[in-house]
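When we follow the working numbering, the leftmost residue of the sequence shown carries the number 496, and every step to the right adds one. Right, one structure below, let's go through it.
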Amino acid sequence: MDWILSISSTILIFIAAIFILVTVHELGHFLAAKFFKMRVDKFSIGFPPKIFGFKKGETEYVIGATPLGGYVQIAGMIDESMDDSFIDEEVKPDEFRSRPVWQRTVVILAGVIFNMILAVIIYTGMAFSYGDTVIPIESIDGVYIAEESVASQIGLQTGDKIIGVNGNKVQYFNQLFSPSDLTDRDLSFMVHRDGELITITTPPDFLDLINREGGFIDLNSTLPSKISRVMPGTPAEDAGLQDGDEIISANGERVSYWAEVVNIISNSDGETELEIRRGTDIINLSVTPDPETNQIGIQSYQAAELLDYEIRTFGAVQSVIIGFERTHDTFFGILKGIGRLFSGDISVRENLGGPVAIANITKEATDRGGMEGFWNITAFLSITLAIMNMLPIPALDGGHFMFLVYEGITRREPPPKVRMGLQQLGFIFLIGLFILITFNDILRTIGGS
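Laid out in structure tokens, this is it:
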């Protein structure tokens, strides 16, 4: 029953996000067409079969059962509907093809523009409503780097203090992981190690490594080896451990981070020797992990209890500025990521996701961050949708735009039969790509589980 509820909630959250994105995108085309007095025959959210529809004025408004897109059918335009019945008819004044190139270009680009505007609005609203929770980089003494982890593979060591990215020092820990920086081809980190400033350069397949290993560095890597709570009736309580004790060595190894302690205890064979700092006293204790769980029954402090979080609040003007900054950063991060996919720097199979991946990511973001997480991923997907729609593939906005560029340069419209043929080829290509990506999603999901 739980898995049914989980799948149902994933589908509903996915549909909600896609409904918002598609509605805004198609609304851009619709309003632009109406502004230039073009006749809009149909405004559809979702593809057939039709669930619900009504006609108002000259336009039929439809909700389709396939929530993976939508379209605005503008009279006199060869589009996703593949309707070419008007080609041999006389051009009517309210048709798309009767308008000058610049007006048709605005209509084609309006969907993408609206998606970018939506991202700015969402990021602005989030900044105004939630503010920004940040951690000053000075408050973090260093990080724990597990053996064989991605961080270890690129050259980071336990105790390193990361202070900057791509040659620029940062003020907050959060700034180390911006989309624009992480997708940079020459990504590097500035690190303080033993009083020296060094640069750690990442390999070209760094993003693949993160996907494969399931992460890089998070706040849990910075938590000190201090016990928040000793669980009653556990080996830790029997051994004499107390709340507030700080573990300074385990089995003779000096430790500073909670993850170090967990790693040593979980890999110990039988009794573990611990050196404890309790107030001003140093105490030596022996503890034997539970043979079934290989744990001793201690809990760490939460990051919020130990790190110097700052809650930044923003006024209306500041929020708008942040909305544009986050949209800009995400936009160029996605662009660089796509560029690295095409250049072969990173794996298409591991980094390109379709509807299954989007649904899973949206559900995970919502589970972790509630409505803030949902809106965050929706803004990200809105920018992604804008970029993908501008790829020069017939049947996408980018394909229509290329036809208009050709017409603007040559002063003649491409032959309708050529456009229709390319449109059909583009549509077939997109269907094939959709099937391939979805199949890849399923394989990746099965492999991950």
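Where a beta carbon is used, it is the ideal one built from N, C-alpha and C, also for glycine. No experiment lies behind these values; they were computed from the predicted model shown.
On a Cα-Cα basis, can you pick out the residue from F530, D824 and F924 that is closest to L891?
F924
Terminal residues of the alpha helix (DSSP H) in which G659 lies
Here G659 belongs to no alpha helix (DSSP H); instead the beta strand (DSSP E) covers K656 to V660.
Going by the DSSP bridge assignment, what does H687 pair with across the sheet?
K656 and L692
Would you please state the rounded distance, in angstroms, between the beta carbons of W753 and L802? I believe it to be under 8 Å.
That pair is no contact at about 13 Å.
With respect to the alpha helix (DSSP H) encompassing R707, which residues constitute its N-terminal and C-terminal limits?
Here the alpha helix (DSSP H) through R707 covers F701 to E708.
I759 versus N789 - alpha carbon distance
11 Å
Would the C-beta of D536 count as close to the ligand NAP, meaning under 8 Å from any of its heavy atoms?
The ligand NAP is not among the ligands present in this structure, which contains no ligands whatsoever.
Tell me whether D589 sits in a helix, a strand or coil according to DSSP, three-state version.
coil
Just checking my contact of S744 with E770 at CB under 8 Å: how many whole Å lie between their CB atoms?
Confirmed, about 4 Å.
Cα-Cα separation, G943 to F701:
Summary for G943: the model assigns pLDDT 48, below 50, so the residue's position carries little reliability; its value from the coordinates is reported in the next sentence. The C-alpha of G943 lies about 19 Å from the C-alpha of F701.
Give the DSSP-derived three-state secondary structure of E800 in the structure shown.
helix
Cα-Cα separation between L876 and G774, rounded to whole angstroms
50 Å
Would you kindly report the start and end of the unbroken beta strand (DSSP E) that includes L671?
Segment: none, L671 is in no beta strand (DSSP E) and carries neither H nor E.
Do I508 and P918 come within 9 Å of each other at the CB atom, strictly closer than that value?
The sequence shown places Gln at residue 918, not Pro. For Q918 and I508, no; Cβs fall outside 9 Å.
Going by beta carbon distance, what residues of the same chain come within less than 7 Å of V756, once the five residues before and after it are set aside?
S720, I742, A745 and V750
Let me know if M866 comes out buried or exposed under the rule of 16 or more other beta-carbons within 10 Å of its beta-carbon.
exposed
Where Q666 and V601 are concerned, what is the direct C-alpha to C-alpha distance, given to the nearest angstrom?
41 Å
Span of the beta strand (DSSP E) around T628
D627 to V629
G548, enclosing beta strand (DSSP E) - first and last residue
V535 to K551
Count the other C-beta atoms from every protein chain shown that fall within 10 angstroms of the C-beta of K537, then say buried if there are 16 or more, exposed otherwise.
When all chains shown are included, K537 counts as buried.
Give a yes or no on whether the C-beta atoms belonging to A560 and M533 are separated by under 9 Å.
no
Residue interval of the alpha helix (DSSP H) (run including D776):
It is not in any alpha helix (DSSP H) - D776 instead sits in the beta strand (DSSP E) that spans D776 to V782.
When you compare the segment 805 to 820 with the segment 604 to 612, are there three or more beta-carbon pairs, one atom per stretch, that lie closer than 8 Å?
Contact between the segment 805 to 820 and the segment 604 to 612 is not established, with fewer than three Cβ pairs separated by less than 8 Å.
Can you grab the Cα-Cα spacing for the pair S593 / K587, in whole Å?
7 Å
Run the CB neighbour count on N884, radius 10 Å, all protein chains shown included, and call it buried at 16 or more, exposed below.
buried
Give a yes or no on whether the C-beta atoms belonging to A646 and S716 are separated by under 9 Å.
Yes, the pair counts as a contact, with Cβ atoms nearer than the cut-off.
As a quick exercise: from W597, H524, P784 and E732, pick the residue whose alpha carbon is nearest that of S761.
Nearest C-alpha to S761: P784.
Q737, buried or exposed, once every other Cβ within 10 Å from all chains shown has been counted against 16
exposed
Taking V519 as the reference, give the member of V567, K831, T696 and G654 with the closest Cα.
V567
Contact defined as beta carbons within less than 8 Å: I believe S842 pairs with D703. What is the distance between those atoms, to the nearest angstrom?
5 Å
Beta-carbon proximity list for N669, same chain, < 6 Å, skipping 5 on both sides
If we look at N669 and ignore the five residues flanking it on each side, its Cβ neighbours are V629.
Under the three-state reduction of DSSP, which class applies to I582: helix, strand or coil?
coil
Member of F530, F531 and G565 whose CA lies at the smallest distance from the CA of I513:
G565
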